[in-house]
Amino acid sequence: MFNIWLLSLFIDQISAIAYNLPKFCANATWNPVAITFADVTIIGTYPYGIFVNTNNTVYVPDRLNNRVQIWANNSATPTNTISGGLNTSYSLFVTDNGDIYVDNGYANNRVDKWAFNSNSSVPAMYNCGPCFGLFIDINNMLYCSLYNSNKVIAKSLNTNLNIWNTVAGTGTVGATSTTLNSPSGIFVDNNLNLYVADNSNNRIQKFASGQLNGTTISTGAIILANPTGIVLDFDGYLFIVDQGHGRIIGSGPYGYRCIAACSSPGSSSSQLGAPFSLSFDSYGNIFVSDLGNNRIQKFFLVTNGCNGTTSVNSTPSVPLLTSTYGPNSTTVSSSTGIEKNLAKYIVLGLSYNLPKFSAYATWSSNGVTLFNTTTVGTYPYGLFVDTNNTLYVCEFSQNAIQVWLEGGTIPIRTISGGLSHPYTMFVTVNGDVYVDNGDSNSQVDKWAVNRTVGVSVMIVKAACWGLFVDIYNNIYCSQYAYHQVVTKSLNSSSNMWIVAAGTDCSGSISNTLYYPRGIYVDTDLNLYVADCGNNRIQLFLSNQLNSITVAGTGAPSTIDLIGPSGVVLDGNGYLFITDTGNQRIVGSGPNGFRCLVGCSRVQGSASNQLYYPMTLSFDSHGNMFITDDFNYRIQKFFKTSNIYSTTINQPSFCPSTTWYTNAITFANSSTAGTLVFGVFISINNTVYVANQQTNTVVVWFEGSTNPDKILSGSLSTPFDLFVTPLGDIYVDNGLSNSRVDKFSFNSSISSSVMSVPNLCTGIFVDISNTLYCSAFASHQVVKKWLNDNVLTSTIVAGNGTNGSTATMLTYPIGVFVDAKFNLYVADSGNNRIQMFPVGQLTGISLAGASVPGTITLNQPNGITLDGNGYLFIADCFNHRIIGSGPYGFRCLFGCTTIAGSAPSQLYLPGTLRFDSYGNIYVADRYNYRVQKFMLASNSCTLSYNQPTFCSNASWYSNASTFASSSTIGSLPYGIFIDGINTVYIPNRVSNTILTWPQGSNTYTSNSYSNLSNPYSLFMSITGDIYIDNGYSYGRVDKYTFNTSNHVTVMNVNGSCYGLFIDINNNLYCSLKNLHQVVTLLLNNGTTIPTIAAGNGSAGSLSNMLNSPQGIYVDSNSNLYIADSANNRIQFVQTGQLNGVAIAGNGSSANIILNYPTGIVLDVNGYLFIVDSYNHRIVASSYYGFRCIVGCSGGGSSASQLSFPQSMAFDSYGNIYVTDRNNSRVQQFTLQTNSNCI
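Numbering (our numbering), first residue to last: 431 to 1667.
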């Protein structure tokens, strides 16, 4: 019963075919005089393909005009045309549901699919070159005949994988049973037999289903010359376009005969000139693409009599019998879905090692040579280390594989015999060894465990530069010479492989490869390829057509590669790459890519150098084995550290992060001593201070206000110190003792670890456990690796002479080393920050002197980086702290540059450090104290400030005037404060935008062309400024961050009294005079907005507004509107046009509003409203509404407002108000904000 049900299911899944298979009698004849169905004016020159479906719709590729012409319903002229992205199409095929597959291989190396009634196409298959024939069989397999590559390929349309296999031909010209020569037309019958018009071999080849050996179809007395087209009729008889003879050949029970254009090639109506393809309509009429005559010819069926009778089909109107099985069936494969799902859970253990590493794992910089040329010969390429740590090496020059147990020096096994220059091998979990033998023998061999003879398991075209066996027992071979990766199942006895990556031709786009080498397949069947010639690593996700560049060229912010040869993954899925041309090994992790060994990039034979490394493999301990190809040796690099996640706190900050500008004093002179310089915060937030007065290290555990520990030793005026994640303390002891000392974790005794020229004003330990000292008086930075026993150091920056060139330093102080081992130096005497890339002695100036567009520095001291790599600098003689971010440099604290002892001031600050929360500790040297600046806000989604207020929050009633009419002009409207507290105000008199950085009384006037009477503005999270320019020009303009370049992003009918951009990048504009709010999605290709609220007529209904002004959109995309003339705040829920009054007229709120003009929300969603005609600001809270400033009525005193217009918060909760009729901007300072309920 099961078999009957399965057969029934199979039949049900087969749908009608799309093409015609007429049934002809033995004496069927066609009118020798054809009509011209379409000429050059319609189909262009040199038409190749033609297709007629069962509805007698005709499809012809117009190669000249890069389109497909379609005739439906027996029309004499085209009824439809599809185009877009096509280039010189040769063939096409149409399925029974109307999907059109068109060859697009001439320039684009693909087949495109135009879904039924679609105006655009999607790639259906990637291939190398044009398809001279296309066909889709009853199992939904797409076939393409590659004329130029001498083969036919096929892929299933039931999967998105661009995995196609070769079904006929080898890719090499030939006339044998397995080769083809310029294949053209193809046809697949319902038994899945493939017929190929083997053009230059003058024959028709038939390939039985699943076979690569073809048989030549005998055409009897008919001699073919360059056949190009082939179709079958209902009974399986062949009809052939005999191009070289300019005729159509047909077969039947009596053999082969000419049926059309039987005289000689020509251009008359009874002749053809180099015909290419043919197709039947349902009546049995023949359509022929007459290539040489630039036309489509139609030969009518005139007789088709069977059983001794003759019927004349003079007016063909009754379709002939056709087959009922078709190409769009669902494949019933030998491996069912149940079997595949089951197989996913029957996964064998892995044969290779997947160690897990921390983000800062390190390996010894000096490798150990395990074997040299006397053992492994010359040019060893492949190696493999299994989970038992058994080492396998391909001895390329000796045609052998040698095997060593862990730690062994004598091989336990040698695999040889029949091998020719093996490049790579792979060992499975049961000990079987798969060896490349493709160089001369075109195969991959399997050497079963303990066997002395190998057997071929895969036929390949050339050497496999990479081999891999995945968890489902599929073997992959990287065909370097053919720019592709091929695969086959080892569970099948067939040698047939399919293409897993690449298109058979070189290229650098997402579906092509260029000399691929190493490969890796993870347990999710994602394929990684070292795309050597393209200098990149490609990732082919399982079930994806195209690859993703994950490292190298085309993958910004990763790493530059030259000719990568090997790729492996660790247990966390991070990449490790043999960067062959750069003579190094690189690895990735959560902090990106970094060099691991061979980091000088200089080829050589020293123990810390490589010379064209090829493959790498890990043992179970995480040690790294490398074939050092041109040094003829196998190198082992021991893992030295896998413990650091970081050596220092590097919080990640958003562009709008702010800190409170008034610091608290963490430590004063009684504990930190006088002239405090060095301070360090460990990753567990323990605070360490170098007390120069008592020559001690003072320690506070997190949360302590008094010291928990004091360490003393033979220190003399220690300047800086560094504490590793292990708790080891490294302290400067150079002024008198010319060394750096180490206090091991929990030890009170110090020991010398590095000799230095003099005092170290900066100390750092990087992730490789290398110690750096900024030798102040010697004008250089020195380092040593802490894993060896020597005390001497080497120079990494500065030449020992003070100077300002790129190779010199003058009194360097702070140092920092990032995860990629780039060195940052506060070059104090040169008033700059220098960065020395890893291995380089020439620095790059990042900030300060000679670096335009950064910031002016005066003897910078301390330096650190945040988690995004942005600089934070103690600008010592300017008495301030500087920070950078995506918007550039800005002052954070001490921004008056005046020395002092107030909480907001500094006096010659030295070092600075972060704790894990993002708070900043500063050694305030001449105030004899350590200051702690608390993080205030760190939002990454909002460009503006949204503070948190308690219900009892209050503001000082008397404001300070932030800007007067002499600066901002008369009747100011808009104001915006960004996340870093830069204030923006439009001056409607001078048509400029004024900006004030945080803490500054000095503004910058920014002029923009064609700006007229701007009422409002808004800045996006990326720093772009959107300005109302509707008064005269009817638009909103966008000015790109830090440029004067502008584009119109919205066309409007009038001024925008309010502008807002929500978190989904929708721009809103309140059009007061049109009584509505409009919106559009930015960057969607249009500047025409849609209505978000208001129907355009003044009114007080729920769908109406009256002179709306201020607007605000919350994180749920709900819209709040200051509906001014209706004396209310309207709330419009996302996706709705009807609003609800939530304050003022029509609401239940306990507040009466009089012409509200501005609205903002705090982080809890409470409303703050500019109640303009009541001359006040009101706010809501848990207890309802209340007046917060301007509560005494209108006026011009410090506590009063006169028709205020807009408001904005800074990150500290202070309120800025445009006091319109007083022509000023007032700042109300937050007074209390505690005891939140």
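By construction, the Cβ of each residue, glycine as well, lies at the ideal position given by its N, Cα and C atoms.
DSSP-derived helix/strand/coil call for residue i
i            : result
residue 1235 : coil
residue 701  : coil
residue 1353 : strand
residue 1461 : helix
residue 537  : helix
residue 1661 : strand
residue 1059 : helix
residue 1012 : helix
residue 754  : Caution applies to residue 754, whose pLDDT of 34 falls short of 50 and renders its modelled position unreliable; the value that the coordinates give is listed next. In the structure shown, residue 754 sits in coil (DSSP, three-state: anything other than H, G, I, E or B).
residue 1579 : coil
residue 1485 : coil
residue 467  : strand
residue 1229 : coil
residue 506  : coil
residue 1502 : helix
residue 1652 : helix
residue 1476 : strand
residue 939  : coil
residue 1574 : strand
residue 448  : coil
residue 1542 : strand
residue 653  : coil
residue 1604 : helix
Assigned exposure category for residue i - 16 Cβ within 10 Å defines buried
i            : result
residue 1578 : exposed
residue 1037 : exposed
residue 1150 : buried
residue 910  : buried
residue 970  : buried
residue 549  : exposed
residue 1550 : buried
residue 1339 : buried
residue 651  : exposed
residue 1328 : exposed
residue 786  : exposed
residue 798  : exposed
residue 1263 : buried
residue 986  : exposed
residue 463  : exposed
Range covered by the beta strand (DSSP E) that runs through residue i
i            : result
residue 685  : 685-690
residue 1592 : Unbroken run through residue 1592: none, as it is neither H nor E.
residue 1047 : 1043-1048
residue 1100 : Element bounds for residue 1100: not the beta strand (DSSP E) but the alpha helix (DSSP H), 1099-1102.
residue 720  : 716-720
Extent of the continuous alpha helix (DSSP H) run through residue i
i           : result
residue 665 : From DSSP, residue 665 is part of no alpha helix (DSSP H); its letter is neither H nor E.
residue 644 : Residue 644 -> no alpha helix (DSSP H), and no H or E assigned at all.
Rounded distance between the beta-carbons of residue j and residue i, thought under 8 Å
i            : j            : result
residue 1192 : residue 1244 : 5 Å
residue 950  : residue 944  : Actually they are not in contact, since the Cβ atoms of residue 950 and residue 944 sit about 18 Å apart, beyond 8 Å.
residue 1492 : residue 1547 : 6 Å
residue 731  : residue 718  : No, residue 731 and residue 718 are not in contact; Cβ-Cβ is about 13 Å, not under 8 Å.
residue 670  : residue 683  : In fact, because the Cβ distance is near 17 Å, the residues do not count as touching under 8 Å.
Near the ligand MG: residue i beta-carbon under 7 Å from a heavy atom
i           : result
residue 890 : With respect to small molecules bound, the structure shown includes none, and the ligand MG cannot be examined in it.
Legend entry - Segments of 3+ residues assigned as beta strand (DSSP E) that fall wholly inside the region 1141-1174: 1151-1153, 1159-1163 and 1169-1173, all fully within the region 1141-1174.
Inset, instruction - For the region 774-852, list the alpha helix (DSSP H) runs that are entirely contained and at least 4 residues long, ordered along the chain. - result: 803-806
Inset, instruction - Note down, one range per segment and in chain order, each beta strand (DSSP E) of at least 3 residues found wholly within the region 510-589. - result: Runs of the beta strand (DSSP E) inside the region 510-589: 510-513, 522-524, 530-533, 540-544, 552-556, 561-566, 571-576 and 581-586.
Inset, instruction - Could you tell me which uninterrupted beta strand (DSSP E) segments, each at least 3 residues in length, are contained entirely in the region 1343-1421, listed from first to last along the chain? - result: 1350-1354, 1359-1363, 1365-1367, 1390-1393 and 1413-1417
Inset, instruction - With a floor of 3 residues, list each beta strand (DSSP E) that falls wholly inside the region 909-935, ordered by position along the chain. - result: 914-919 and 928-931
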